[in-house]
Structure formats: C-alpha cells, structure tokens
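Some notes on the structure that comes next.
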Amino acid sequence: LKSGDAGIFGRLEEELETLHDAGIDYEIIPGVTSACVAAAQAGIPLTRRHTSRRVQFVTGADVTGELPPNLNWAALADPEATTVVYMGRRTFPALAAKLIAHGLAADTPALFAESLGRPDERLVRTTIAELAEQLARGGAASTAAVILFGALAGDYPS
14 LKSGDAGIFG
24 RLEEELETLH
34 DAGIDYEIIP
44 GVTSACVAAA
54 QAGIPLTRRH
64 TSRRVQFVTG
74 ADVTGELPPN
84 LNWAALADPE
94 ATTVVYMGRR
104 TFPALAAKLI
114 AHGLAADTPA
124 LFAESLGRPD
134 ERLVRTTIAE
144 LAEQLARGGA
154 ASTAAVILFG
164 ALAGDYPS
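For my numbering, add 13 to where a residue sits in the sequence shown, where the first one is 1.
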C-alpha cells in the first residue's frame, strides 16, 4: 500500500517485479501524486496558457541520496515550466545553485510542501534562493517533501 501515486517515484516497477516473480496477484489503484495535492492545497495551478506550458517531475535524490548528476539543467531552468522536485529536501541547496548557474532567476517563486493532507501539513511559499538557504540551515535528514518552482508557484490566493 502506497500513498500518492506509486507510479511517480514510488519504485512501483521493483515491487511489481517482486510480486510477479512470487506469483502474487496485485491491483494498481492510481492515487493523486503529491505535486497535485501541493498545488491544490496552495490554491495554484500547475499549468496556465502563456505562462507555464509544461510540468516536469524530477527526483532530487538518486539511489545514493545524492543529487543525480545527469539532470537536464536547461530544461529545469526553463522559466516557462513548472518543475516539481520529489525527494529533494536535502539536495535542494545544490540543485538551486545549479539552476541559478544555468540562468534561472534566484527570485523564482517556490513552494515547499510536506506532510500533505495530514494535521501537520506545511506549505512554505518563498523563492528558490531563500528555500535553498532555509534547507541548508535546517540540516534536513528526510527527503520526504515536494518542491514546486516556476512562474505559477508565486500565484497565491490573497
């Protein structure tokens, strides 16, 4: 049993292979990925005509827990995309530095979301540079969070 959508950075293929090899029947019931929940809780869309033409999901941590070395930095630094980083709490300071080095403005709006749908849910609205500083100071051990950034991350209801 998984929360969210097990097909989005949930290692679903590994679990299905194990179940198949063991001859165990299973059923996949799609869930709502945390990117959609975070956007809904913040009252923002993930896309909008003429502003954000693409949503991209990326992992912030490889199997060793480090920032993946082979990310497409040009795509991630595109100001007309909404980017969602899964499992990037610990690596976001390094990710933000690379994004800024690849041309994404340091004041690009960002939304940090954790414990979505739970009583201790937390949404932090900031910029990529400020979030990187906050996470670097916090010594985040957990990777369980979702980070959205791009033009629409700054569209908050008043």
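Here a beta-carbon is modelled for each residue, glycine too, at the ideal position from N, C-alpha and C.
Out of curiosity, what's the CA-to-CA distance linking ARG24 and GLY101? 16 Å
Helix, strand or coil for GLU26, going by three-state DSSP, please let me know. helix
Is the CB-CB distance between LEU165 and ILE41 below 8 Å? no
Within the chosen definition, does the region 61–77 reach the region 26–41 through at least 3 CB pairs nearer than 8 Å? no
Taking only three categories from DSSP, how would you classify THR77? coil
Inter-residue spacing [alpha-carbon to alpha-carbon] between PHE105 and ILE37: 38 Å
When you compare only the Cα positions, how much space is there between TRP86 and THR77? 20 Å
My parser needs the beta strand (DSSP E) runs of 3 or more residues fully inside the region 118–147; what are they? 122–127 and 135–140
Sheet register partners of SER47 (DSSP bridge): In the DSSP output, where bridge partners are listed per residue, SER47 has none listed.
Is LEU161 helix, strand or coil by DSSP? strand
Can you tell me the Cα-Cα spacing of PHE70 and ASP34, whole angstroms? 29 Å
So, for PHE125: in the same chain, excluding its five sequence neighbours on each side, which residues have a beta-carbon less than 6 Å away from its beta-carbon? VAL137, LEU144 and ILE160
When the Cα atoms are used, what is the spatial distance from ALA94 to GLY163? 6 Å
Since I believe ARG135 is in contact with GLU127 (beta carbons under 8 Å), could you give me their beta-carbon distance rounded to a whole number of angstroms? 5 Å
Let me confirm a value: ARG61 is counted as buried when at least 16 other C-beta atoms fall within 10 Å, else exposed. Which label applies? exposed
Counting only the same chain and skipping the five closest in sequence on each side, list residues whose C-beta sits under 6 Å from that of THR96. GLN69, LEU89, PHE162 and GLY163
May I ask you to report which of helix, strand or coil DSSP gives SER171? At SER171 the pLDDT is 45, less than 50, meaning the model places this residue with poor confidence; the figure from the coordinates comes in the next sentence. Coil, per DSSP.
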